[in-house]
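K.L.:
These protein sequences, in sequence, are chains A and B. Heads up, the first sequence is in UniProt numbering, so the first residue is 1 and it goes up one at a time. Heads up, the second sequence is in UniProt numbering, so the first residue is 1 and it goes up one at a time. Even for Gly, the Cβ is constructed at its ideal location relative to N, Cα and C.
There are 2 protein chains.
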Amino acid sequence: MRAGDRRPTLADVAAAADVSIALVSIVMRDAPGASAATRQRVLEVARRLDYQPDSRARLLRSGESRLLGVVFAVQHPFHDDMLTGLYDAADKIGYELTLSAVTPRRDERTAIGGLLQDRCAALVLLGPQIPAAELATLATRLPVVSMMRGVRHSAVDVVRTDDARGLHLAVDHLVALGHTRIAHVDGGRMVASAERRQGFRDAMRRHGLEAYGKVVVGGYGEEDGARAARELLIDPPTAVTTFNDLSATGLLDGLRRGGLDVPGDISVVGYDDSSFSRLAHIDLTTVAQDIDTMATLAVSRAVDRIAAAPVAHREIVIPPRLVVRGTTAPPPLPP
Amino acid sequence: MRAGDRRPTLADVAAAADVSIALVSIVMRDAPGASAATRQRVLEVARRLDYQPDSRARLLRSGESRLLGVVFAVQHPFHDDMLTGLYDAADKIGYELTLSAVTPRRDERTAIGGLLQDRCAALVLLGPQIPAAELATLATRLPVVSMMRGVRHSAVDVVRTDDARGLHLAVDHLVALGHTRIAHVDGGRMVASAERRQGFRDAMRRHGLEAYGKVVVGGYGEEDGARAARELLIDPPTAVTTFNDLSATGLLDGLRRGGLDVPGDISVVGYDDSSFSRLAHIDLTTVAQDIDTMATLAVSRAVDRIAAAPVAHREIVIPPRLVVRGTTAPPPLPP
DNA sequence: TTTCACCGCGCAACCAGTAAA
DNA sequence: ATTTACTGGTTGCGCGGTGAA
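1. Using a Cβ cut-off of 8 Å (strictly closer), state whether phenylalanine 276(A) contacts chain B.
2. Name, in chain order, the residues that DSSP records as bridge partners for tyrosine 95(A).
3. Should histidine 313(A) and alanine 155(A) be called a contact, given that it needs their Cβ atoms to be closer than 8 Å?
4. What are the boundary residues of the beta strand (DSSP E) that glycine 213(B) is part of?
5. Around the Cβ of proline 131(B), are there at least 16 other Cβ atoms within 10 angstroms (buried) or fewer (exposed)?
6. Rounded to the nearest angstrom, what separates proline 143(B) and arginine 305(B) at their Cα positions?
7. Do the segment 157 to 170 of chain A and the segment 105 to 120 of chain A make contact, defined as three or more Cβ pairs closer than 8 Å?
8. In this structure, what does DSSP give as the bridge partners for isoleucine 266(A)?
9. One question on the structure: do leucine 123(A) and valine 71(A) come within less than 8 Å of each other, judged by their Cβ atoms?
10. If contacts are defined as beta-carbon pairs under 8 Å, then threonine 238(A) and proline 332(A) qualify, I think. What distance do you get, rounded to the angstrom?
11. Which residues does DSSP pair with phenylalanine 72(B) in a beta bridge?
12. By DSSP, does valine 185(B) sit in helix, in strand, or in coil?
13. For chain A, find out if any of its Cβ atoms is closer than 8 Å to the Cβ of glutamine 75(B); answer yes or no.
14. Roughly how many angstroms separate the alpha carbons of alanine 203(B) and glutamate 195(B), rounded to a whole number?
15. Spell out a yes or no on whether the segment 73 to 87 of chain A and the segment 22 to 38 of chain A are touching, meaning 3 or more CB-CB pairs, one atom from each, closer than 8 Å.
16. Using three-state DSSP, classify alanine 3(A) as helix, strand or coil.
17. Would you mind stating whether aspartate 88(A) and arginine 105(B) have Cβ atoms separated by less than 8 Å?
18. Closest by CA to glycine 326(B), which one among Ala288(B), Tyr95(B), His281(B) and Ala295(B)?
19. Quick check: threonine 249(B) and alanine 170(B), are their CB atoms within less than 8 Å of each other?
20. Is leucine 233(A) helix, strand or coil by DSSP?
21. From the DSSP output, in three-state form, read off threonine 9(A) for me.
22. Which residue or residues does DSSP assign as beta-bridge partners of methionine 147(A)?
23. For valine 191(B), which residues from the same chain have a beta carbon less than 8 Å from its beta carbon, with the 5 sequence-adjacent residues on both sides left out?
24. Report the neighbours of aspartate 80(B) on chain A: residues whose CB is nearer than 7 Å to its CB, in chain order.
25. I want to see whether chain B comes within less than 8 Å of alanine 11(A), judged by CB atoms only; does it?
26. For proline 320(A) versus glycine 213(A), is the C-beta spacing smaller than 8 Å?
27. Applying a beta-carbon distance threshold of less than 7 Å, which residues of chain B neighbour arginine 106(A)?
28. Out of Val13(B), Leu125(B) and Ile234(B), which has the shortest C-alpha to C-alpha gap to glycine 254(B)?
29. Determine, for alanine 280(A), whether the minimum Cβ-Cβ distance to residues of chain B falls below 8 Å.
30. Out of Gly69(A), Thr286(A) and Leu260(A), which one is the CA nearest neighbour of glycine 270(A)?
31. Count the CB pairs spanning the segment 62 to 70 of chain A and the segment 90 to 107 of chain A that are closer than 8 Å, and state whether there are at least three.
32. Please classify glycine 4(B) as buried or exposed, where buried requires at least 16 other C-beta atoms within 10 Å of its C-beta.
33. For aspartate 273(A), is the classification buried or exposed, using 16 other Cβ atoms within 10 angstroms of its Cβ as the cut-off for buried?
34. With C-beta atoms as the reference, is valine 324(A) less than 8 Å away from phenylalanine 243(A)?
35. Compute the Euclidean distance between the alpha carbons of valine 45(B) and proline 53(B), then round it to the nearest angstrom.
36. Please classify glycine 67(B): does DSSP put it in a helix, a strand, or coil?
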């Protein structure tokens, strides 16, 4: 009774139950073709022997894998949230997920390569960074869904949030509160950074405030937000929109250390509605991406591509929504 | 040239190169038994056909899987760090990792079940929460390594940090700075919480300070730390040790909102040296777990068990180290 | 009684590779 | 270098037996 004495196979169960291998297979798959009595008996034996099907062999023969590969990055809270949603969505339609992580020392190509060997039926990539051409090549092999990043290529499906609209919501909210001098801390070279930056600029222009809309170079993490805070403290605006929540928390802290009160002196809006942004002590006003909808659509999109003949390229753009919490308020009265 | 027209197999390559299937297999595995010229030609054809080996079929036949299953939890920054280390360690000895996540809606049993189907050769569990008896049962199936959680069972290997010692380091550091009234915010029912709490109590006793060592119920996240802060603010000690960095950041924020200066009025020590704890604006003094060593040992332990006959149970306990940053200082002078 | 569809089941081919002869 | 025998399953087909028409 230890690892090493070989796991039981269909053959073992068949021998013990005195039936053919194929019949055991039928019972295990709950497929038609076995009497209730036999079914009962085989299941009993299988349980006694602690039989567990070998998915490798199963998939090898049946061709279909019902397995989706997901590439995500460690230390991205938003990716964790999306994984949660993807598991739910896949479960619901009887698909399995197999995960491959991008880490500081393991790049995206490696992560994808690992999944390709596993013969997943399709790939779901969270915020892929590799060139669009490479994604397109990949998509000739198997269905590829890119999340959070737009890819202009007919073979690659896209599920993303309307990021420009997200910034519109943020700016509209701030303008409604009375702000005019609003800055944006962008995401540097991150995926979606350009869309959000442009969304900010468009919204400011729409309000006739383009002269007051400063864009500060930021990045993905808290340190980027903190750095932006130091820059903004020189001549602080009354409100700031950010690339993501992580950056926003760094910004928050930096601004407060610089002596400003949030939201009394300055308002801050995050992006992602990460799980920590709703914590009481952070309580960040933020733009929420609809994770469950995105996850469901990404999965069903992938499955469609697996099942069907080549379908038309689709870019699904989900509207974001603004979650107003405690880091935004009307601007301070002029002295 | 689209997904669906079946990926090339060994047979396709063999036909195209006009050799036997087995020979192609030999070439692809870089095994002896093929001439340099043929090798060259076969590789050329394989590349042209865009051939990729089917790892499932390969593993099925060869029996060996060189595949380690890892169960981790989303939204645990420390797990992300450990994943990074595990990938490195596995890479180094030619093993693959397959990941299965625990999410708010996907429990540990489900996560483990998914991996079992994949026929991994061994399982590495990050801070498993399921009962020890269940782990023991699991270990009769395949090698199991529990990380960050001690399991008293001969079949389950353990790689963990000496958590009691971690708290000793923290308390010693604070006492050396002159603190006497020190509180500990524990991890509630989290794995390792009891060890850290006990380590705190022992250290305080060793310094003759047991009368000054208050333990506050905490938990895993920032909100738990924030809640503890509210409790501590009633009659603040001059220093606090915590269950982890996440809780410590919540605590930090709560204390500062309560009007205390850190580290002027009160010192705070975290646990884990999570990637965010070293950010300039957090700059948390913390107890670091030796991630790379732990990851390397966990992987090699698992591999040993796979290869060898049942070996003796081993619990590997790694010493932590204190990382002194900006949240600890001597206590304020008495008024 | 014959005819026949149907049912539970076993046989053997097959999936994509590997290993020994 | 090829041949042959596997790995652990899945699947199409056909077999004998049964009950109804």
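P.N.:
On the basis of the data shown:
1. Cβ-Cβ to chain B under 8 Å: yes for phenylalanine 276(A).
2. Looking at the DSSP output, tyrosine 95(A) sits in no beta bridge, so it has no partner there.
3. Yes, Cβ-Cβ distance for histidine 313(A) and alanine 155(A) is below 8 Å.
4. Counting along the chain, the beta strand (DSSP E) containing glycine 213(B) begins and ends at 213 to 216.
5. Proline 131(B) should be labelled exposed.
6. Rounded to whole angstroms, proline 143(B) to arginine 305(B) spans 6 Å at the Cα level.
7. Flag = no, the segment 157 to 170 of chain A and the segment 105 to 120 of chain A do not touch.
8. None, per the DSSP bridge assignment.
9. The answer is yes: Cβ separation under 8 Å.
10. At roughly 7 Å, the Cβ-Cβ gap stays under 8 Å, so threonine 238(A) and proline 332(A) are in contact.
11. Ala101(B), per the DSSP bridge assignment.
12. In the structure shown, the three-state DSSP call for valine 185(B) is strand.
13. True, the Cβ-Cβ gap to chain A drops below 8 Å.
14. Roughly 12 Å between the two C-alpha positions.
15. A contact between stretches requires three or more CB pairs, one per stretch, nearer than 8 Å, and the segment 73 to 87 of chain A fails this requirement with the segment 22 to 38 of chain A.
16. Low confidence applies to alanine 3(A): its pLDDT is 40, below 50, so where it sits in the model is not reliable enough to give any reading.
17. Yes, Cβ-Cβ distance for aspartate 88(A) and arginine 105(B) is below 8 Å.
18. Checked all of Ala288(B), Tyr95(B), His281(B) and Ala295(B); the closest Cα to glycine 326(B) is His281(B).
19. In this structure, threonine 249(B) sits away from alanine 170(B), with a CB-CB distance that is not shorter than 8 Å.
20. Looking at leucine 233(A) - three-state DSSP - the assignment turns out to be coil, as it is neither helix nor strand.
21. If DSSP states are grouped into helix, strand and coil, threonine 9(A) belongs with coil.
22. BP columns for methionine 147(A) point to Leu126(A) and Val159(A).
23. For valine 191(B), where only same-chain residues beyond five positions count, the Cβ hits under 8 Å are Gly127, Pro128, Gln129, Met148 and Arg149.
24. Residues of chain A whose Cβ lies closer than 7 Å to the Cβ of aspartate 80(B) are, in chain order, Val74 and Gln75.
25. Residue-level contact by beta carbon fails for alanine 11(A) and chain B, as no gap is shorter than 8 Å.
26. Contact: no.
27. What arginine 106(A) touches in chain B: Tyr87.
28. By alpha-carbon distance to glycine 254(B), the top candidate from Val13(B), Leu125(B) and Ile234(B) is Ile234(B).
29. Yes - at least one Cβ of chain B is within 8 Å of the one on alanine 280(A).
30. Ranking Gly69(A), Thr286(A) and Leu260(A) by Cα distance to glycine 270(A) puts Thr286(A) first.
31. In this structure the segment 62 to 70 of chain A touches the segment 90 to 107 of chain A; the number of beta carbon pairs closer than 8 Å is three or more.
32. Low per-residue confidence applies at glycine 4(B): pLDDT is 45, beneath 50, and the placement is therefore not dependable, though the value from the model is reported in the following sentence. Under this definition glycine 4(B) is an exposed residue.
33. The Cβ neighbour count for aspartate 273(A), taken over all protein chains shown within 10 Å, is at least 16; the residue is labelled buried.
34. With respect to phenylalanine 243(A), valine 324(A) sits apart: the two C-beta atoms are not nearer than 8 Å.
35. So the two alpha carbons sit approximately 14 Å from each other.
36. The sequence given here has leucine at residue 67(B), not glycine. Here leucine 67(B) sits in strand by DSSP.
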